[in-house]
Amino acid sequence: MEPYTPLMTEHELIRTAFSVVEKEIQRMEESGKANDEFVNLIADFFIDYIDISHHGKEENILFKALQKKKISKQHAEMMNILLKEHEKGRQIVRTLMNAADEYFKKGSQAHFPNIVSGLKDIVYVYKEHIKKEDNEFFVPVMDYFTESEKEEILKKFWQFDVNIIHEKYKNLFEAME
703 MEPYTPLMTE HELIRTAFSV VEKEIQRMEE SGKANDEFVN LIADFFIDYI
753 DISHHGKEEN ILFKALQKKK ISKQHAEMMN ILLKEHEKGR QIVRTLMNAA
803 DEYFKKGSQA HFPNIVSGLK DIVYVYKEHI KKEDNEFFVP VMDYFTESEK
853 EEILKKFWQF DVNIIHEKYK NLFEAME
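Residue numbers for the sequence shown follow the working numbering, beginning at 703 and rising by one.
Next up, the structure:
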């Protein structure tokens, strides 16, 4: 298995989630109302799954391994673009969460359009982002690694996910004590 395989598998789940988000956006636009549970669930998905888990593997493992290699200018530029898009996604999610907080907790209807646009923005940004990673970046950069380096990256991916799960629930129950 190549190191990009689990990342592309995660992209499939992200695309599935975005299909659900697009249906919810349509429902929201038709009803003029946002669903608190849905917005919180999808925000959790954006933060925990996309950013912490998925981007965590890309940024903390794959990209760091690439930074130790002599990669082409084209691949270095693409990696910088991808990192900027990760940050753009984080900013969109922060803005979405602020709008959701104002809308759900304070009853500010003025923030409803910001929730809808935030959801649309995140879907658009990540659909394009995933295309770049899948079609222009992941496969060609594997040529920089030996087979043993690829195996090590895969092991680090697996350990990264295990650690995230443990950390999440450790923090949850420590907060409940």
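Ideal placement from N, C-alpha and C gives every residue a C-beta, glycine not left out.
Helix, strand or coil at Ala801 [DSSP, three-state] = Secondary structure at Ala801: helix, using DSSP grouped into helix, strand and coil.
Could you give the C-beta distance for Val825 and Glu724, rounded to a whole number, given that I count them as a contact under 8 Å?
-> 6 Å
Straight-line gap, Ala801 to Ser850 (C-alpha atoms, nearest Å) | 46 Å
Could you say which of Lys786, Asp738, Glu876, Tyr751 lies nearest to Lys808 if we only look at CA atoms?
-> Asp738
Compare the Cα-Cα distances from Trp860 to each of Asn742, Ile744, Ser721, Asn762 and report the closest residue.
-> Asn762
Please report the residue range of the alpha helix (DSSP H) in which Tyr846 lies.
-> Per DSSP, Tyr846 belongs to no alpha helix (DSSP H) and is neither H nor E.
Are Lys872 and Ile727 closer than 9 Å when you measure CB to CB?
-> Taking 9 Å as the cut-off, the beta carbon of Lys872 is found no closer than this to the beta carbon of Ile727.
If I'm right that Val841 touches Leu768 with Cβ under 8 Å, what's the distance once you round it to whole angstroms?
-> Rounded, the Cβ-Cβ distance is 13 Å, inconsistent with contact.
According to the neighbour-count rule (16 or more other Cβ atoms, all chains shown, within 10 Å of its Cβ), is Ile855 buried or exposed?
-> buried
Is DSSP giving Ala719 helix, strand or coil here?
-> helix
Is Ser788 near His757, with beta carbons less than 9 Å apart?
-> Looking at the sequence itself, residue 788 is His, so the reference to Ser does not match. Cβ atoms of His788 and His757: closer than 9 Å.
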